[in-house]
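Protein chains in written order, with the numbering used here: chain F, 2 to 322; chain S, 200 to 462; chain G, 66 to 387.
Think of the CB as a built atom: it goes at the ideal place given N, C-alpha and C, for glycine as much as any other residue.
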Amino acid sequence: MSLLEITNLKVSFDTEDGQVQAVRDISLSLDEGEILALCGESGCGKSVTAMSVPRLLPPETTRLSGSIKLDGRELTTLPEAEMRKVRGKTVSVVFQEPMTSLNPSFTVGYQIAEVLRRHEGLSRQAAARRAVELLELVGIPAPARRVKEYPHQLSGGMRQRVMIAIAVACSPRVLIADEPTTALDVTIQAGVLDVFRDLRDRLGTAIILITHDLGVVADIADRAVVMYAGRAVEQAPVGGLFAGPRHPYTLGLMNALPSAAVDGRLAEIPGLVPSPLSDPDECAFQDRCARAQADCRLSRPPLTHQADDHLAACFHPGGQS
Amino acid sequence: MPMAGLVLVVAFVLLALLGPLVTGDPAEQDYLATLAAPSGAHPMGTDDLGRDAFARIAHGAQVSLQAGVLSTLLAMVVGIPIGLVAGFYRRWLDPIVMRLVDVTLAFPFLVFAVGLAAIIGPSLKGVVLALGFSQLPAIIRITRGEVLAVREMDYVAAAIADGSGDGHIIFRYVLPNCASPLIVQATVAIPAAIIGEATLSFLGLGVQPPTPSWGVMLTTAQQYLSDAPWLAVWPGLMIALATLGFNLLGDGLRDVLDPRSHR
Amino acid sequence: MILRIDNLVKHYGPVRAVDGLSLEIGEGEVLGLVGESGSGKSTVGKCVLRLTEPTSGTIELAGRDITHLQRRAMRPLRRDVHMVFQDPFSSLNPRFSIERIVAEPLLRHKVTDRREVSRRVGAMLERVGLRQEMRKRFPHELSGGQRQRVGLARALILEPKLVVADEPVSALDVSVQASVLNLITDLQRDMGFSCLFITHDLSVVEFLADRIAVMYLGRIVESGPTADIFAGPRHPYTQALLSAAPVADPVKQRERRRIVLGGDVPSPLDPPPGCRFHTRCPLAYDECRVTEPLLNDPRGGGHPAACHLVTADRVPDAALPR
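Put into structure tokens, the structure is as follows:
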């Protein structure tokens, strides 16, 4: 059995314009020690899917159905008090913006120690010692000195490492990282990605990495789920995914990268993402798709096995290239 | 709710403009009915001199409207250009303007109003000047703050790149994008000025009897609070309703004026 | 030369954003100015547009020194240079219609005949791929990609000699980015303007720049023809930058030799003495901490680098630290 099992998750938000369907129907699983990338463009539902796990969506406006099981325990119906113990301890999150996620009034050492004291019941001294170890774990030089510093004294890359240190302080089973390197420069990004790899290798942490950057997916993920309009359109180990994308949207994304230019031109994906307010029973990508045929408008293609571990939701999938 | 605000404000303006036409002379005294309770002849009762309270409320609405609108207009006409120039050009001008604003803010409003009344005599003109001056610092501050934010927007840089002159940028780019908070501020300032007029007149620094004003009415009512409580209720209620109306309208305008809210 | 920048310095108080930068852009040439945050690349663009006052140095636009021109004197010269901004949301006046935004440069340069303005706006909108019914719309009704097209139309309607594009596609999704990049390429080829393309994204400049200049802490550390820079980067920083950008191919990406730079970019408040890169450079030696290397080109090919280790017969390799 997988560590995390999401089944038929649907998430919508009440807005002035109606019900925005952020996640229309997604099922996925995450194994122990696995790095799973959730990728796609803005509005595809990748962040909402991941944030449903620790239930970090605004409860007043969110409507959620489906099942999220962690170690066989259903999270969607867990009382809030129980959920608080799961958050930060079993499941923790690293956000994109490292500046606004840290409290500017406390030293980084205090902020790490606070988590340890709350969740692990460590004494003040033990927590302080562990904070130094954690900073060392995430590759911050001179950690004994850095624990005494305030967030504004650290650079963006260092702050993101501190956020990761806080997130892994209680050795979570699942770490959710939402665009963790998007705000960072490439030379800094490489180091932060190394930290994630290292955490997985050393602690066996399973990681859900939310990213729009296919380069990052290729670099670090074991498996990837490509999302479009609130659904998974393709799911595969990264080797197979990049070697032979089956869904035309995945292929379109790869060909749209500047590095994939052919004769000085990039492949464009024509048209726009469908409205999040409706959900007709058809392939959501059909009106932008070169392979679309009559059947694509008649019903929605289900996610089916194309090869071992390689799933795609398309009636006319591409072969292996 | 914004609609309720609009209704209240329109009712208030209509009362000020049309009320005096339908009511009697607010100075006419009916010695047979002093401090009379509301009745068919006097729907809001009469005061100590037997004057019709409804007529006085209607005429007083004119005074309140003038005090509220004119003083706010005065503050805007003087304050917005100062805030625009200080915020847009910064340099040496901005610190000078802001220190002056601080000094003005530190100056007690009532002391200023008393001084002004001493110089030009207690009158509506004095009330408008005193209230306008007291609103000035807020208008300058808000304008300047908005200008500082707007001038950092890329569209202002783009306007410079277009070849636009400063005047064009200020009036076509900066001012329109600062307008909504200023209009909202006006809907806060007008009721504040209405209360201010009532306060000054209540203290005898504003409109003088026999000219009816809600503040003057309250002064009178204070003496007969136990015998004729309605005399205090009407002006008090009117001040409260006018204030509420403008504030609700302001909330509505805030949403309407945001170009992003149009779909 | 359309643009010639010589020894440009721009300090914001104690911050040395640009600290002695020289570059040239020829007619119809696209120069990619690449750097990470804090390198000063955006400040260069602002100086060229005279949106900020250079501290010292010279900027020549089409042969004319514009470094310290008064705002009023600069205005007629703005026919020749315009800018495309990064943020598609804050770069368009929310109170103007699309038509008005695109017409503004014409109106500011005394093209006032209404039919003429309308015709040219219509033609320009068509060129950037926007339908005529967009004319009456307002910026908030458009998608990010459509707004960037409006920004391009505004920048190009006077057919300027130079366009400064500051990260024009960084805020866009990959699929939208592709169509805007194709559009920029087409427009540049058809209209022949020169372009200073400022970006942090190497794959974007590889796609559209003729030449690349790499900035680090306010200075250029390497410049040269795009193909040469990608085939044989000479400066250790360029090498690190190229190796750090992940490629979308797991097989290649996981086999690549990577140069991991230690530490952070030093503060532009207090750039290190000697070579500015020495605090992070895996190859730094004593001299780097003392003497600042100048851009020079001992190997030829119009491909200078500012590194002591680049000599006529040797190029350093940051992946092989000594």
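Among the CB atoms of chain S, none fall inside 8 Å of the CB of LEU207(G). Under the DSSP assignment, LEU223(G) falls outside any beta strand (DSSP E); it carries neither an H nor an E label.
MET228(F) sits in a strand when the DSSP states are folded into three classes. Within its own chain, the residues whose Cβ lies closer than 6 Å to the Cβ of VAL139(F), once the five positions on either side in sequence are excluded, are ARG162, ILE165, ALA166, VAL196, listed in chain order. Here the C-alpha atom of GLY244(S) lies approximately 9 Å from the C-alpha atom of ALA232(S).
Counting the other Cβ atoms within 10 Å of the Cβ of LYS226(G) gives 16 or more, which makes it buried.
Contact between VAL149(G) and ALA220(G) holds: their C-beta atoms lie close to 5 Å from each other, under 8 Å.
Taking a C-beta distance under 8 Å as the contact criterion, SER156(G) and LYS201(G) do not qualify as a contact pair. The beta carbon of ALA252(S) sits closer than 7 Å to the beta carbons of HIS241, MET243, GLY244, THR245, ASP246, LEU430, TRP433 from its chain, once the five residues preceding and following it are set aside; these are given in chain order.
Counted as a single uninterrupted DSSP element, the stretch harbouring ILE270(F) is not any beta strand (DSSP E), since DSSP gives it neither H nor E. Counting along the chain, the unbroken beta strand (DSSP E) around GLU287(G) starts and ends at 284 to 290.
No Cβ of chain G is located within less than 8 Å of the beta carbon of ALA348(S). Residues of the region 364 to 384 of chain S that bring their beta carbon within less than 8 Å of a beta carbon in chain G comprise GLY364, ASP365, HIS367, ARG371, TYR372, PRO375, ASN376, in sequence order.
If you draw a 10 Å sphere on the C-beta of LYS175(G), you find fewer than 16 other C-beta atoms in it, and that means exposed.
The alpha-carbon separation between ALA168(G) and CYS40(F) amounts to approximately 39 Å. Excluding the 5 residues flanking it on each side, PHE311(S) has same chain C-beta neighbours closer than 8 Å at ALA329, PHE332, SER333, in chain order. Bridge partners of ARG69(G) according to DSSP: GLU89(G), GLU125(G). Of all residues in the region 208 to 220 of chain F, the ones placed with a Cβ closer than 9 Å to any Cβ belonging to chain G are HIS213, ASP214, LEU215, GLY216, VAL217, VAL218, ALA219, ASP220, in chain order. Look at ARG323(G): its C-beta is under 8 Å from a C-beta on chain F. The C-alpha of ARG25(F) lies about 8 Å from the C-alpha of GLY46(F). Under the 8 Å criterion on CB atoms, HIS343(G) is classed as non-interfacial with respect to chain F.
Contact of THR188(F) with chain G is assigned, a C-beta pair being separated by under 8 Å. Residues of chain G with a Cβ closer than 8 Å to the Cβ of ASP361(S) are, in chain order, ARG143, HIS147, GLU169, PRO170, ARG173, ARG219. GLY157(F) and LEU185(F) do touch by the CB rule: their CB atoms are close to 6 Å apart, below 8 Å.
If you check the CB distance, GLY257(G) and GLY93(G) come in under 8 Å. Annotation for LYS90(F): HIS120, CYS171 place their beta carbon closer than 6 Å to its own, counting only its chain and skipping 5 residues before and after. For VAL186(G), the number of other beta carbons within 10 angstroms of its own is at least 16, and it is reported as buried.
With 16 or more neighbouring CB atoms inside 10 Å of its own CB, ASN376(S) falls in the buried class.
Unbroken beta strand (DSSP E) runs of no fewer than 3 residues, entirely contained in the region 59 to 146 of chain F, are found at 63 to 71, 92 to 95, following chain order.
Straight-line measurement puts the Cα of PRO152(F) at about 7 Å from the Cα of LEU103(F). The C-beta distance from GLU6(F) to SER30(F) rounds to 5 Å, short enough to fall under 8 Å. With 16 or more other Cβ atoms inside 10 Å of its own Cβ, MET280(G) counts as buried.
Residues of chain F whose Cβ lies closer than 7 Å to the Cβ of SER102(G) are, in chain order, ASP186. When the five nearest sequence neighbours on each side are left out, the beta carbons in the same chain lying within less than 8 Å of the beta carbon of GLU224(G) are those of MET256, PHE258, in order along the chain.
DSSP, reduced to helix, strand and coil, places GLN20(F) within a strand of the structure shown. Of the residues LYS75(G), ALA236(G), LEU98(G), VAL241(G), the one whose Cα lies closest to the Cα of ARG115(G) is LYS75(G).
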